[in-house]
Amino acid sequence: MIWTLVRVSWTNLRRDRVVQTLVFAVPIVFFSIFVTIFANQENGTARIAVAVVDEGRSDFSQRLVQALQHEDALRVRATTKSDGGVPLDRAGAEALVRNGDVPVAVILPPGLDAGGLFSGRTSATPHVQLLADVSDQIAPKMVYGLLQKTLMTAAPDVLAESGIAQFDKYAGGLTPSQRSAVTEWIAELRRTAGQPSGTGGAALKDFGLPIDTVDVMRQKGGGNLVSFYAAGIGVMFLLFSVSGASGSLLDEVDSGTLDRVLSTRIGMTGLLAGKWVYVTLLGMLQLTVMFVWGMIVFKLDLLQHLPGFAVMTLFTCMAAAGFGLVLATIARSRAQLAAMSNIIVLTMSALGGSMFPRFLMSETMQKLGLATFNAWALDGYLKVFWRNASIIALWPQVAVLASLTIVFLATARLLARRWETA
Amino acid sequence: MALDGASFALREGELLALLGPNGAGKTTLIRAISGRVALDAGEISLFGRSIAAGGSTGQTSPDLGIVPQDIAVYPLLSPRENLEAFGRMQGLRGRDLADRVAWALSLASLEDRAKEIVKGFSGGMKRRLNIACGVLHRPRIVLLDEPTVGVDPQSRERIYDMLEALTHDGVSLLLTTHHLEEAEARCARTVIIDHGRVIAEGTLPELVDRTVGRHRVVIVRTGAPVTPVPSGLEALPEEPRTLRARVTDVARELPGLIATVAATGTSIEDVEVKAPSLQSVFIHLTGRELRE
Numbered sequence: 029m030i031w032t033l034v035r036v037s038w039t040n041l042r043r044d045r046v047v048q049t050l051v052f053a054v055p056i057v058f059f060s061i062f063v064t065i066f067a068n069q070e071n072g073t074a075r076i077a078v079a080v081v082d083e084g085r086s087d088f089s090q091r092l093v094q095a096l097q098h099e100d101a102l103r104v105r106a107t108t109k110s111d112g113g114v115p116l117d118r119a120g121a122e123a124l125v126r127n128g129d130v131p132v133a134v135i136l137p138p139g140l141d142a143g144g145l146f147s148g149r150t151s152a153t154p155h156v157q158l159l160a161d162v163s164d165q166i167a168p169k170m171v172y173g174l175l176q177k178t179l180m181t182a183a184p185d186v187l188a189e190s191g192i193a194q195f196d197k198y199a200g201g202l203t204p205s206q207r208s209a210v211t212e213w214i215a216e217l218r219r220t221a222g223q224p225s226g227t228g229g230a231a232l233k234d235f236g237l238p239i240d241t242v243d244v245m246r247q248k249g250g251g252n253l254v255s256f257y258a259a260g261i262g263v264m265f266l267l268f269s270v271s272g273a274s275g276s277l278l279d280e281v282d283s284g285t286l287d288r289v290l291s292t293r294i295g296m297t298g299l300l301a302g303k304w305v306y307v308t309l310l311g312m313l314q315l316t317v318m319f320v321w322g323m324i325v326f327k328l329d330l331l332q333h334l335p336g337f338a339v340m341t342l343f344t345c346m347a348a349a350g351f352g353l354v355l356a357t358i359a360r361s362r363a364q365l366a367a368m369s370n371i372i373v374l375t376m377s378a379l380g381g382s383m384f385p386r387f388l389m390s391e392t393m394q395k396l397g398l399a400t401f402n403a404w405a406l407d408g409y410l411k412v413f414w415r416n417a418s419i420i421a422l423w424p425q426v427a428v429l430a431s432l433t434i435v436f437l438a439t440a441r442l443l444a445r446r447w448e449t450a
Numbered sequence: 014m015a016l017d018g019a020s021f022a023l024r025e026g027e028l029l030a031l032l033g034p035n036g037a038g039k040t041t042l043i044r045a046i047s048g049r050v051a052l053d054a055g056e057i058s059l060f061g062r063s064i065a066a067g068g069s070t071g072q073t074s075p076d077l078g079i080v081p082q083d084i085a086v087y088p089l090l091s092p093r094e095n096l097e098a099f100g101r102m103q104g105l106r107g108r109d110l111a112d113r114v115a116w117a118l119s120l121a122s123l124e125d126r127a128k129e130i131v132k133g134f135s136g137g138m139k140r141r142l143n144i145a146c147g148v149l150h151r152p153r154i155v156l157l158d159e160p161t162v163g164v165d166p167q168s169r170e171r172i173y174d175m176l177e178a179l180t181h182d183g184v185s186l187l188l189t190t191h192h193l194e195e196a197e198a199r200c201a202r203t204v205i206i207d208h209g210r211v212i213a214e215g216t217l218p219e220l221v222d223r224t225v226g227r228h229r230v231v232i233v234r235t236g237a238p239v240t241p242v243p244s245g246l247e248a249l250p251e252e253p254r255t256l257r258a259r260v261t262d263v264a265r266e267l268p269g270l271i272a273t274v275a276a277t278g279t280s281i282e283d284v285e286v287k288a289p290s291l292q293s294v295f296i297h298l299t300g301r302e303l304r305e
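If you're matching them up, the sequences are chains A and B in order. Start counting the first sequence at 29; every next residue gets the next number (this note's numbering). Start counting the second sequence at 14; every next residue gets the next number (this note's numbering).
So, in structure tokens, the structure goes:
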């Protein structure tokens, strides 16, 4: 009897392609996607783009810039244009960070020399500054560490010369007690050598050039990280919602209501337009509720960014609603729609940055992500909430989302012809 | 080919039954009339407007009302909200819309349930609303695809009352059904379709004349099997106490038949005279073979 049930179930499985796909193909697809995105990073991790401003143009600072340019982990930009132009100044570098072109900029101040590495910090010691977009939580810390390393290794001859000069100036030759002190100091250096970089060990804390990290995004009223999560999660669930809402079209096919509606003056174009408007409004309401919740509970600064939020929400929801209609017109049943939308929305969310920040993906994956709807929507929201961008600055995202809306609606209209005549 | 020479006419204010076995082409024909099937050949003419071969407008004539076999209403809306929605889709507005909704609620006998959610309605109430939504915009022709399927006899009667009210107003109704006794009792004329072709069309007497003929079947039930069976009668093999005879003139032939049976000495318990039915015409024309 049990074997009979097993045979019946197996026969059902053999004849149900949707279940076969869900059971066998979907896990493989997801496995492949996630491995590609998250695990296969050893050869593909992006070099960190960093802007460098040499304000002093001293021999030491120029050699420091050269050393940074030779650093494998960095892609240094020291000029106003990526392929040339005049040397960057502080304002230009800050603009690059604000626009999201680079996550961090290094400002080498005037008066920077190797002597500062050994003379101990005073109020006159020039401070190197890192202008950082801390939405990328990795890049500023990486640059900080690499900068410390470069400072110590960029000009070994200069460092040796400077060290001897310091010795001549302050010691006048090694006495036994000085030798003992130096030995003790070296021992201390050895002892603290393994401690985390950045702040340095206790014995090193007054050595090396002081580096201050400046969060340029928050400095001028930029957003907090809540906007990342609100946009990422919001857009992902928006896609789920619109595909579900658009599925009412399939319910109407099943119930015969579609036949009745098509027999009225509204026609298929009118029906799709009505669905699209409704789903767009539903999506806008959903995102608004989400961001208002973020404002009330997590102090998301929604009111200051209201115009940008309105523009991005409108265009995002218009495109999402069109996308939902495409899915609904492709699917033959509710079950098929649910399976299909789960796969597509999760894949798009993974690639587009809803689940995992795109800046942590390889460059190839970042470019691939731009093929998804999510990436453009998220970029727009981040411009609004993180970079305080003006509405004009949203034009690339708005243009892409508007174009996608047109393509989605045209595709849905084409696919819906199967319901008009048989 | 779903349709092949399905030609017939529907008159003003007429309730015309479209009958046929499963797969005969009834639903395809209704979809073709409503502009939802691309015609390979032939023509459908509605109020002087032609749906030509090789295409379909995908649009239904505003003079046409559609009542699908499924309950094609929004289940989470009330009858009033459904009627208002479909009325607006048909272009009704303002006072006219309000009047038509009130009329449709009255037609469907749903005035007192107008604000309740349709989902909880009985099958009969949903069917009546289904019809009301299809006739709201004053169509001149209404296509009804099995409007009484799955409802109790009382609801069927109410639905046919609705249809009769519509025909009195001059609306022409084309109705498909598998309830032949309903078609026989309620429809003025009948069209029988099979394999995509119209194989018979007319009133019941016309169809009877053209098929099984106007004879009556006399059934005589006796108290015991009659042996031998008198001339002019036959015994049913499965019921030896039941005798059957065909007569063309009941008044003249029936007394003789009864006398013949009585002469055998067997008691007569019941006598039944059966007129030819639409069922017999239908079976005669389409056969007893299953169409599945």
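Even glycine gets a Cβ: it sits at the ideal position worked out from N, Cα and C.
Note down the Cα distance separating residue i from residue j, rounded to an integer number of angstroms.
| i | j | result |
| --- | --- | --- |
| A/Phe137 | A/Thr392 | What sits at residue 137 of chain A in the sequence shown is Pro, not Phe. Rounded to whole angstroms, A/Pro137 to A/Thr392 spans 35 angstroms at the Cα level. |
| B/Ile143 | A/Leu331 | One detail in the question is off: residue 143 of chain B reads as Asn in this sequence, not Ile. Approximately 48 angstroms between the Cα atoms of the pair. |
| A/Gly226 | A/Val354 | Caution is warranted here: a pLDDT of 39 is assigned to A/Gly226, below 50, making its placement in the model unreliable, and no coordinate value can be reported. |
| A/Gln22 | A/Tyr409 | Because chain A here runs from 29 to 450, residue 22 of chain A falls outside it and cannot be looked at. |
| A/Leu92 | A/Val242 | 20 angstroms |
| A/Ser274 | B/Val286 | 60 angstroms |
| B/Gly245 | B/Ala264 | 16 angstroms |
| A/Ala366 | A/Trp423 | 33 angstroms |
| A/Ile166 | A/Leu379 | 19 angstroms |
| B/Leu176 | B/Asp125 | 21 angstroms |
| A/Arg465 | B/Asp112 | Beyond the ends of chain A as shown, which are 29 and 450, falls residue 465 of chain A; an answer cannot be given. |
| A/Ser291 | B/Phe134 | 24 angstroms |
| B/Gly215 | B/Val80 | 24 angstroms |
| A/Glu448 | B/Ala196 | 30 angstroms |
Taking Cβ positions, are residue i and residue j nearer each other than 8 angstroms?
| i | j | result |
| --- | --- | --- |
| B/Val284 | B/Val231 | yes |
| B/Ile260 | B/Glu252 | It is Val, not Ile, that sits at residue 260 of chain B in the sequence shown. Against a cut-off of 8 angstroms, the Cβ pair of B/Glu252 and B/Val260 comes out as no contact. |
| A/Ala363 | A/Val46 | yes |
| B/Val294 | B/Thr224 | yes |
| A/Val156 | A/Leu175 | yes |
| A/Gly397 | A/Gly260 | no |
| A/Leu277 | A/Ala356 | yes |
| B/Glu282 | B/Thr235 | yes |
| B/Leu291 | B/Thr180 | no |
| B/Ala30 | B/Val211 | no |
| A/Leu374 | A/Leu315 | no |
| B/Gly78 | B/Pro152 | yes |
| B/Leu186 | B/Val155 | yes |
| B/Leu123 | B/Met102 | no |
Assuming the contact rule is C-beta atoms closer than 8 angstroms, residue i and residue j should be a hit. Round their C-beta distance to whole Å, please.
| i | j | result |
| --- | --- | --- |
| A/Ala349 | A/Trp304 | 5 angstroms |
| A/Val114 | A/Val78 | Not confirmed; about 18 angstroms, so no contact. |
| B/Thr279 | B/Val242 | The pair is not a contact, with the Cβ atoms about 11 angstroms apart (cut-off 8 angstroms). |
| A/Arg75 | A/Leu102 | 6 angstroms |
Identify, in the order they occur along the chain, each residue of the same chain with its Cβ nearer than 8 angstroms to the Cβ of residue i, setting aside the five sequence neighbours on each side.
| i | result |
| --- | --- |
| A/Leu328 | Gly251, Asn252, Val254, Ser255, Ala258, Phe319, Gly322 and Phe413 |
| A/Thr108 | Val114, Pro115, Leu116 and Gly120 |
| B/Glu194 | Ser290, Leu291 and Gln292 |
| A/Val81 | Ala106, Pro115, Leu116, Asp117, Arg118, Gly120, Ala121, Ala133, Val134, Ile135 and Leu136 |
Within a Cβ cutoff of 6 angstroms, which residues of the same chain sit near residue i, ignoring the five residues on either side of it in sequence?
| i | result |
| --- | --- |
| B/Ser74 | Leu59 |
| B/Leu110 | Gly100 |
| A/Phe387 | Asp164 |
| A/Thr439 | Val354 |
| A/Met312 | Thr341 and Cys345 |
I'd like the list of long-range same chain contacts for residue i, defined as Cβ closer than 7 angstroms, with 5 residues on each side in sequence excluded.
| i | result |
| --- | --- |
| A/Ala444 | Met296, Leu300 and Thr357 |
| B/Leu120 | Ala145, Met175 and Ala178 |
| A/Ala421 | Lys411 |
With 9 angstroms as the limit, tell me which residues of the region 38–55 of chain B have their beta carbon closer than that to any beta carbon of chain A; keep them in chain order. Thr41, Arg44, Ser47, Gly48, Arg49, Val50 and Ala51
Contact residues within the region 94–109 of chain B, judged by C-beta distance below 8 angstroms to chain A: Phe99, Met102, Gln103 and Gly104
Near-chain A residues of the region 78–93 of chain B (beta-carbon distance less than 9 angstroms), N- to C-terminal order: Gly78, Ile79, Val80, Pro81, Gln82, Asp83, Ile84, Ala85, Val86, Tyr87 and Pro88
Just by C-beta distance, which residues in the region 277–297 of chain A are closer than 9 angstroms to chain B? Glu280, Asp282, Ser283, Gly284, Thr285, Leu286, Asp287, Arg288, Val289, Leu290, Ser291, Thr292, Arg293, Ile294, Gly295 and Met296
Residues, ordered as in the chain, of the region 229–242 of chain B that lie near chain A by beta-carbon distance below 9 angstroms: none
Please list the residues of the region 348–376 of chain A that have a C-beta atom closer than 7 angstroms to any C-beta atom in chain B, keeping them in chain order. none
Taking only beta carbons into account, state which residues of the region 153–169 of chain B come closer than 8 angstroms to chain A, listed in chain order. none
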